[in-house]
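What follows is one structure encoded as structure tokens, with my remarks underneath.
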Amino acid sequence: MSLLQRVKNFVRSKSIHVAYVDVGSCNGCDIEVLACLSPRYDIEQYGIYVHNNPREADILLVIGAFTPGWEEKLRSVWEKIPDPKAAIAIGNCPISGCVFNRPHSLIDPPVAKHIPISAQVPGCPPRPTEILSAVLAVAPVVFKDYEVKKR
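Structure follows, in structure tokens:
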């Protein structure tokens, strides 16, 4: 492996890019994801950067109660993310439907039926530290082939 390739692999393994999509939440989880960007939690110190464009992302954060209207849209967003990639379900809604999962509701939980989910962060809403921990736990799996071997 050339020196340039080793440098690129090292940088890639230390730079995690996430995109998040809200498929129908009460905005509780949305606020907690945005709190991760605040100076208190400062996810950028860990090399995690948030993008609106899924083509620039490595990890997709999914929040909200999944409805049938999101079937094609979420699949389209998922397919735009380049390999290797992972998805994390944030909050109870994408995991179980939570309070929205009623007998005649229009939601279709869990999101794992529609795209592959690598990790789940339960809570209504989960704390920013739990979201951060999930991203940091999934990142080594995503970048396992990109890490530079130590001598």
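Here the sequence shown is numbered in the working numbering, starting from 10 and rising by one per residue.
All C-beta atoms, glycine included, are put in the ideal place defined by N, C-alpha and C.
Since the structure is predicted, the reported quantities are computational estimates derived from the model, not experimental observations.
Under DSSP, no beta-bridge partner is assigned to Gln54. Separation of the CB atoms of Ala98 and Ala66 is rounded to 16 Å, and the pair is thereby denied contact status at 8 Å. The residue from His123, Asp92, Pro91 with its alpha-carbon nearest to that of Ile104 is His123. Under the three-state reduction of DSSP, Ile72 is assigned to strand.
In the same chain as Pro119, and ignoring 5 residues on each side of it, the C-beta atoms closer than 8 Å to its own belong to Phe75, Ala98, Pro103, Ile104, Ser105, Gly106, Ile126, in chain order. Note that the segment 79-97 does not touch the segment 42-58; fewer than 3 beta-carbon pairs, one per stretch, sit closer than 8 Å.
Cys38 and Ile72 do touch by the CB rule: their CB atoms are close to 4 Å apart, below 8 Å. Taken through DSSP and simplified to helix, strand or coil, Ile25 comes out as strand. Residue environment: Ile25 is assigned as buried (16 or more neighbouring CB atoms within 10 Å of its CB, all protein chains considered). Around Leu141, the same chain offers Cys45, Tyr50, Ile52, Tyr55, Ile57 as residues with beta carbons nearer than 8 Å, after the five sequence neighbours per side are excluded. Glu41 sits buried, since 16 or more C-beta atoms from the chains shown fall within 10 Å of its C-beta.
By a beta-carbon distance limit of 8 Å, Val144 does not contact Val86. Their separation comes to about 17 Å. In the DSSP assignment, Ile40 falls within the alpha helix (DSSP H) that extends over 37-44.
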